[in-house]
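J.: Provided herewith is a single structure, encoded as structure tokens, for subsequent inquiry.
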Amino acid sequence: MVITIICDVSGEANNGTTMATYNLIRFLAKNGHKLRVVSVCGYDVENVENYFVRPFKAGPIVKNVLKRNGVVLARKDQKVIRRAIEGCDVVHLQLPFKLGKEALKIAKELNKPVTASFHCQAENITAHIGLMKCKTINDLIYKHFYKSVYRYCDIIHYPTQFIKDVFESTTGCKIPGLVISNGVKEAFFADVEKKRLSDKFTIICSGRYSKEKHQQTLLNAVWRSGYKDNIKIILAGSGPCKKRLGKLANKLGLDCHFNFYSQEELVRALHGSDLYVHTSVVEIEAISCTEAIVCGLVPVINDSPLSATRNFALTEDNLYKKNDADSLAQRIKDFYLNPLKTEEIRRQYEVMKDSFKQSECMKSMEEMLFSAGQKNR
159 MVITIICDVS
169 GEANNGTTMA
179 TYNLIRFLAK
189 NGHKLRVVSV
199 CGYDVENVEN
209 YFVRPFKAGP
219 IVKNVLKRNG
229 VVLARKDQKV
239 IRRAIEGCDV
249 VHLQLPFKLG
259 KEALKIAKEL
269 NKPVTASFHC
279 QAENITAHIG
289 LMKCKTINDL
299 IYKHFYKSVY
309 RYCDIIHYPT
319 QFIKDVFEST
329 TGCKIPGLVI
339 SNGVKEAFFA
349 DVEKKRLSDK
359 FTIICSGRYS
369 KEKHQQTLLN
379 AVWRSGYKDN
389 IKIILAGSGP
399 CKKRLGKLAN
409 KLGLDCHFNF
419 YSQEELVRAL
429 HGSDLYVHTS
439 VVEIEAISCT
449 EAIVCGLVPV
459 INDSPLSATR
469 NFALTEDNLY
479 KKNDADSLAQ
489 RIKDFYLNPL
499 KTEEIRRQYE
509 VMKDSFKQSE
519 CMKSMEEMLF
529 SAGQKNR
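Here the sequence shown is numbered in the working numbering, starting from 159 and rising by one per residue.
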């Protein structure tokens with residue numbers, strides 16, 4: 159097939175949407191499909207033809223937010239988009255922003271089938287303007303996504319049932335859609351020698367240093383656990399809140415390490431840790447949590463109603479009250495003092511691992527695109 163992929167957001171491979179885009183492009187290209195990718199930065203992958211557009215001209219406030227998060231928004235360009243879509247079999251949108259909207263308009267004009275992924279929660283936007291808890295604004299964003307993009311798509315890809323339910327209940331509308339995980343790379347399933355990172359009990363938390371990730375809860379919880387001198391914390395990631403988190407860790411006297419890991423390094427770090435804590439408040443799908451599970455770690459997860467990750471909890475011990483440092487401190491203490499309990503729960507997670515394999519998830523994405531591409535044949 160000839161597949162046109164529209165990427166509104168490009169930049170560093172430090173967020174879920176960018177990583178999901180890379181993974182889909184690589185899989186499809188490897189399987190012999192011809193890809194046309196419209197983006198600002200381009201993708202250096204065989205079988206990929208890049209169609210470059212200019213960055214979106216944002217005001218100083220939005221520009222600063224984008225810069226701090228290491229992403230670039232695309233500016234729509236009708237001529238470039240049209241060239242990328244003409245003669246293709248299907249158009250796939252990664253996000254419902256300006257580039258995606260223009261691509262949808264042109265695709266419909268050219269009678270091309272359109273699929274779209276649901277990678278953006280309303281709260282991912284409102285968190286940056288201090289309105290994450292405003293249900294009215296969040297609902298309006300979802301309804302705008304529906305009215306401007308998703309209602310015109312042939313199939314929607316939802317990474318989790320959670321976001322499918324949220325979107326459909328908020329808009330009151332149902333569109334043909336499939337729930338397909340973005341999946342965990344094969345490297346995380348490899349047999350790796352478990353070499354401890356420290357003599358201390360090591361807790362790892364993987365994710366961007368941003369407001370909605372709420373890593374400060376973990377720092378406060380370790381301090382309150384009563385065992386802070388016996389615990390090493392690894393915050394794996396990067397992001398705008400690093401300085402603030404570093405100051406808090408120093409203030410509390412914690413053994414806390416901030417690192418951005420390569421894939422190979424992250425696999426080793428996960429295998430060398432004792433417990434995984436997932437602090438995010440807002441999340442469509444936490445691949446970082448599934449990576450930890452695949453590497454044999456027991457997760458302790460923020461019980462936030464805005465996060466799909468809470469659904470990975472197999473027992474009450476795998477959840478702590480939303481943003482409650484005391485609740486998390488108790489969970490940490492329980493797992494620190496009870497290694498046999500940790501091992502028992504780890505075995506329960508063992509049976510879930512295969513369902514996270516990225517190769518199987520990407521096959522489902524390929525089938526979805528093929529199904530849509532057959533529409534006009």
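All residues carry an ideal CB built from backbone N, CA and C; glycine is no exception.
All of these numbers come straight from a predicted model, not from anything done at the bench.
#1: Count the other CB atoms within 10 Å of the CB of N340; is the residue buried (16 or more) or exposed (fewer)?
#2: Would the beta-carbon of Q373 fall within 8 angstroms of that of L403?
#3: Indicate the three-state DSSP secondary structure (helix, strand or coil) for V458 in the structure shown.
#4: Within 10 angstroms of its Cβ, does N348 collect 16 or more other Cβ (buried), or is it exposed?
#5: Taking buried to mean at least 16 other C-beta atoms within 10 Å of its own C-beta, is T175 buried or exposed?
#6: Which two residues bound the contiguous beta strand (DSSP E) that contains R240?
#7: Buried or exposed: L495, going by 16 or more other Cβ atoms within 10 Å of its Cβ?
#8: Where do the N-terminal and C-terminal ends of the beta strand (DSSP E) with H250 fall, by residue?
#9: What does a CB cutoff of less than 7 angstroms around E441 pick up in its chain, not counting 5 residues either side in sequence?
#10: Between the C-alpha atoms of K405 and S368, what's the straight-line distance to the nearest angstrom?
#11: Please determine, among E260, Y478, T318, K515, the residue with the shortest C-alpha to C-alpha distance to V439.
#12: Indicate whether the contact test is met: 3 or more Cβ pairs, each with one atom in the segment 205-214 and one in the segment 482-489, closer than 8 angstroms.
#13: In this structure, how does DSSP classify V196 when only helix, strand and coil are distinguished?
#14: From the DSSP output, which residues share a beta bridge with L336?
#15: Any contact of the segment 188-207 with the segment 443-457, i.e. 3+ C-beta pairs under 8 angstroms?
#16: Closer than 7 angstroms by C-beta to E244: which residues in its own chain qualify, once you throw out the five before and the five after it? Chain order, please.
#17: Would you grab the beta carbon distance between T360 and D432 for me? Rounded to a whole angstrom, and I think it's under 8 angstroms.
#18: At the level of alpha carbons, what is the spacing between L336 and Q252?
#19: Closer than 6 angstroms by C-beta to D166: which residues in its own chain qualify, once you throw out the five before and the five after it? Chain order, please.
#20: Indicate whether F325 and F276 have their beta-carbon atoms separated by less than 8 angstroms.
#21: Taking A530 as the reference, give the member of V198, V195, A265, Y304 with the closest Cα.
#22: Can I164 and V249 be called in contact, C-beta distance under 8 angstroms?
#23: Tell me, which residues are paired with Y434 by DSSP?
#24: Just reading off the alpha helix (DSSP H) that D297 is part of, what are its end residues?
#25: Could you check the C-alpha separation between A444 and M510 for me, to the nearest Å?
#26: So the candidates are D202, G200, N378, E207; which of them puts its Cα closest to the Cα of R194?
#27: On the three-state DSSP scale, how would you describe K533?
#28: Is it true that the segment 288-295 meets the segment 234-243, where meeting means three or more beta-carbon pairs spaced less than 8 angstroms apart?
#29: Are I333 and R309 touching if we call contact CB-CB under 8 angstroms?
#30: Am I right that K343 and G430 are in contact with their C-beta atoms under 8 angstroms? What's the rounded C-beta distance?
#31: If you run the structure through DSSP and keep just helix, strand and coil, what is D484?
#32: Tell whether a beta-carbon distance below 8 angstroms holds between N481 and N460.
#33: Considering only the beta carbon of each residue, do D312 and T273 sit closer than 8 angstroms?
#34: Compare the beta carbon distance of C447 and Y434 with 8 angstroms and say whether it is the shorter of the two.
#35: Thinking just about the alpha-carbon of each residue, which of S522, E525, E524, N378 is nearest to the one in K409?
#36: State the DSSP-derived secondary structure class of F255, mapped to helix, strand or coil.
T.: Short version:
#1: Counted from its first residue, the sequence shown places residue 340 at position 182. N340 is buried by the Cβ-count criterion.
#2: Within the sequence shown, numbered from 1, the residue matching residue 373 stands at position 215. Within the sequence shown, numbered from 1, the residue matching residue 403 stands at position 245. Yes, they are a contact pair.
#3: Along the sequence shown, read from residue 1 onward, the residue named residue 458 stands at position 300. DSSP places V458 in strand when its eight states are reduced to three.
#4: To locate residue 348, count along the sequence shown from 1; it is residue 190. Before going on, a small fix: residue 348 reads as Ala here, not Asn. It is exposed - the Cβ of A348 has fewer than 16 other Cβ atoms within 10 Å.
#5: By one-based count along the sequence shown, residue 175 stands at place 17. Per the 10 Å Cβ criterion, buried.
#6: Here the question's residue 240 lines up with position 82 in the sequence shown. Segment 236-243 is the alpha helix (DSSP H) holding R240; no beta strand (DSSP E) there.
#7: Within the sequence shown, the letter at position 337 stands for residue 495. It counts as exposed.
#8: Locating residue 250 in the sequence shown gives position 92, where the first residue counts as 1. First-last of the beta strand (DSSP E) with H250: 248-251.
#9: As a working note, residue 441 is residue 283 in the sequence shown. Cβ neighbours of E441 beyond the five flanking positions: S465, A466, T467.
#10: The count along the sequence shown starts at 1 and reaches residue 405 at position 247. The count along the sequence shown starts at 1 and reaches residue 368 at position 210. About 15 angstroms.
#11: Your numbering for residue 439 matches position 281 in the sequence shown. With distances taken between Cα atoms, V439 lies closest to Y478.
#12: no
#13: The residue labelled residue 196 in the question sits at position 38 within the sequence shown. Strand.
#14: By 1-based counting over the sequence shown, the position of residue 336 is 178. Bridge partners of L336: H315.
#15: no
#16: As a first step, residue 244 is located in the sequence shown; it is residue number 86 there, counting from the start. Around E244: L268.
#17: Residue numbering aside, residue 360 sits at position 202 when the sequence shown is read from its first letter. Residue numbering aside, residue 432 sits at position 274 when the sequence shown is read from its first letter. 5 angstroms between Cβ atoms; contact.
#18: Here the question's residue 336 lines up with position 178 in the sequence shown. Here the question's residue 252 lines up with position 94 in the sequence shown. In a straight line, the C-alpha of L336 is about 15 angstroms away from that of Q252.
#19: For the purposes of this step, residue 166 is taken as the residue at position 8 of the sequence shown. Correct list, in chain order: A232, L253, F255, L257, G258.
#20: Mapped onto the sequence shown, residue 325 falls at position 167. Mapped onto the sequence shown, residue 276 falls at position 118. Yes, these two residues count as a Cβ contact at 8 angstroms.
#21: As a first step, residue 530 must be located in the sequence shown, where it is residue number 372. Ranking V198, V195, A265, Y304 by Cα distance to A530 puts A265 first.
#22: Here residue 164 is taken as the residue at index 6 of the sequence shown, counted from 1. Here residue 249 is taken as the residue at index 91 of the sequence shown, counted from 1. Yes. Within cutoff.
#23: Position 276 of the sequence shown, counted from the first residue, corresponds to residue 434. DSSP lists I362, P457 as partners of Y434.
#24: Your numbering for residue 297 matches position 139 in the sequence shown. From DSSP, the alpha helix (DSSP H) with D297 extends over 293-306.
#25: Counting from one through the sequence shown, the residue named residue 444 turns up at place 286. Counting from one through the sequence shown, the residue named residue 510 turns up at place 352. Spanning the two alpha carbons is a distance of roughly 15 angstroms.
#26: Stepping through the sequence shown from its first residue, residue 194 is reached at position 36. It is E207.
#27: Taking the sequence shown and counting its residues from 1, one reaches residue 533 at position 375. Coil, per DSSP.
#28: no
#29: Within the sequence shown, residue 333 is the residue found at index 175, counting from 1. Within the sequence shown, residue 309 is the residue found at index 151, counting from 1. Taking 8 angstroms as the Cβ cut-off, I333 and R309 qualify as a contacting pair.
#30: On the sequence shown, residue 343 is found 185 positions in, with the first residue counted as 1. On the sequence shown, residue 430 is found 272 positions in, with the first residue counted as 1. Incorrect: roughly 18 angstroms between the Cβ atoms, too far for contact.
#31: Locating residue 484 in the sequence shown gives position 326, where the first residue counts as 1. Reduced to three states, the DSSP call for D484 is helix.
#32: Residue 481 sits at position 323 when you count from the first residue of the sequence shown. Residue 460 sits at position 302 when you count from the first residue of the sequence shown. Yes.
#33: Working through the sequence shown from its first residue, we reach residue 312 at position 154. Working through the sequence shown from its first residue, we reach residue 273 at position 115. Contact: yes.
#34: By one-based count along the sequence shown, residue 447 stands at place 289. By one-based count along the sequence shown, residue 434 stands at place 276. Yes, the pair counts as a contact, with Cβ atoms nearer than the cut-off.
#35: Here residue 409 corresponds to residue number 251 of the sequence shown, with the count starting at 1. Checked all of S522, E525, E524, N378; the closest Cα to K409 is N378.
#36: Position 97 of the sequence shown holds residue 255. Coil.
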